[in-house]
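Under our numbering, the sequence shown has 1534 at position 312, and the numbering climbs by one with no breaks. Beta carbons are placed, not taken as given, at the ideal position from N, Cα and C, and that holds for glycine. Only a predicted model underlies this, so the values are computations on that prediction, with no experimental measurement involved. Contents: one structure, followed by commentary.
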Amino acid sequence: MARGRWREILVAAGIPAVALDGLKGRPCPRCGGKDRFAPLKDFDQRGALLCRHCHHGSSDPRCGDGIAALRWWLGVDTAAALRWLSSFLGVVPGAHVPRVLVTVVSPQVTRSLSDDDRRRFELMARVFRANLKTDAERKVADDLRVSPDALRRLSVGWSPSHCATTWPMLDADGNVIGIRLRCPRTARKRAVVGSMAGLFFDPDSMSGDDPIDRLWIVEGPTDCAALLSIGLDVVGVPSAGGAADLVVALARRLLPRELVIVADGDDAGWRGAERLSDALMIVAQVRVITPPPGIKDSRAWVGAGVDSVGIERVADAAPIRRISLHGGASS
Ligand SMILES: [Zn+2]
């Protein structure tokens, strides 16, 4: 049933279509490089892909056929790859309906900013940053119960005209694509007009030069500052489950061993984490945790005294997420 449909199947599993077009060498969608990756002959029929880095004599899976390609891409064993495939093809007794189980968000779909806008936001972020003098920075840090160093790493600044702290939002490569505003009195959130919703992270520590073991994902800029304060490699999303495309692109670039989503302890937080988890599972293994009962988010958790050892322990105990069968035929 899969023969002749491998392109459609592997794209549905999240491999960018451009990576499967033609037989010429190109960057590997999993490990990068320049020309190490290509579909093999009769790709639509057999689904075989070869990356000279990911596949070799002792790798598991080796390069072989479409099922090996699925195992490689999803990072699962043969049984799980076959479950996904049979579900996609509708090979389940009584329910012959193909369905896509993984919510895939292409990193390419980001709306775009003009070059002028990019330069404007980059400059704006620098100017705002320079407005926040050391004393004021200390006060903002104390109020939020995060470290001044975390604010510096996120290039937090001050906008006198908005009477708000400023938090640059980045694309997956660390370019400023918008600026979040936070009123220190009311905690009301806005963004500078024309902003795109982007990520909060320290572009220097996520340049890709140093390998990242666990990449932590939290909701919002202040939660991000909180986990930075206790020494974790963390990225903040603009809202629960938001900017999934950018997080996927960032994770693809950094290739951490594991992704840990810290969901806010409410329904919206958990639903967002599940959506994000489905999109990220194709990049690395994912765990989802929440703060203990009575603590609403990561920042409150850090404020309550959790350190990196304590929070790592909670993540260790959380199950590794599996591809979820949303109303799937097998349930
Ligand atoms: Zn590769």
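query: Where residue 1326 falls, given that 16 or more other Cβ within 10 Å makes a residue buried; result: Confidence at residue 1326 is low in this model, with a pLDDT of 32, below 50, so its placement is unreliable and no value can be given for it.
query: Through-space distance from residue 1373 to residue 1469, alpha-carbon basis; result: 21 Å
query: Pick from 1445, 1418, 1366 that is closest to residue 1407, judged by C-alpha positions; result: 1366
query: Closest residue to residue 1414 among 1542, 1342, 1273, 1246 (Cα-Cα distance); result: 1342
query: Closer than 7 Å: residue 1275 CB and nearest ligand 1 heavy atom; result: yes
query: Residue range of the beta strand (DSSP E) that includes residue 1443; result: Where residue 1443 is concerned, there is no enclosing beta strand (DSSP E), although the alpha helix (DSSP H) it sits in stretches over 1443-1451.
query: Burial state of residue 1532 (16 or more Cβ within 10 Å); result: exposed
query: Local conformation of residue 1532 per DSSP, three classes; result: helix
query: Closer than 7 Å: residue 1250 CB and nearest ligand 1 heavy atom; result: yes
query: C-alpha distance - residue 1510 paired with residue 1298, whole-angstrom precision; result: 18 Å
query: Residue 1481 versus 1239, 1443, 1458, residue with shortest Cα-Cα distance; result: 1458
query: Touch test, the stretch 1475-1489 against the stretch 1437-1452, Cβ-Cβ under 8 Å, three pairs minimum; result: yes
query: Cβ neighbour criterion (16 or more within 10 Å) applied to residue 1278; result: exposed
query: Sequence-distant residues of its chain with Cβ nearer than 6 Å to residue 1505 (five each side left out); result: 1473, 1474
query: Burial state of residue 1503 (16 or more Cβ within 10 Å); result: buried
query: Presumed contact (8 Å Cβ cut-off) between residue 1260 and residue 1248, rounded CB distance; result: 7 Å
query: Environment of residue 1245 [buried if 16+ CB atoms lie within 10 Å]; result: exposed
query: Chain-order list of residues whose beta-carbon lies under 7 Å from that of residue 1540 (same chain, five-residue window excluded); result: 1509, 1510, 1511
query: Contacts around residue 1370, its chain only, beta-carbon distance under 7 Å, and the 5 residues preceding and following it disregarded; result: 1359, 1360, 1363
query: Whether residue 1430 touches residue 1463 by CB criterion (8 Å); result: no
query: Under 8 Å between C-beta atoms of residue 1436 and residue 1499; result: no
query: 8 Å contact criterion, which residue 1416 and residue 1338 should meet: CB distance rounded; result: Incorrect: roughly 10 Å between the Cβ atoms, too far for contact.
query: Local conformation of residue 1361 per DSSP, three classes; result: helix
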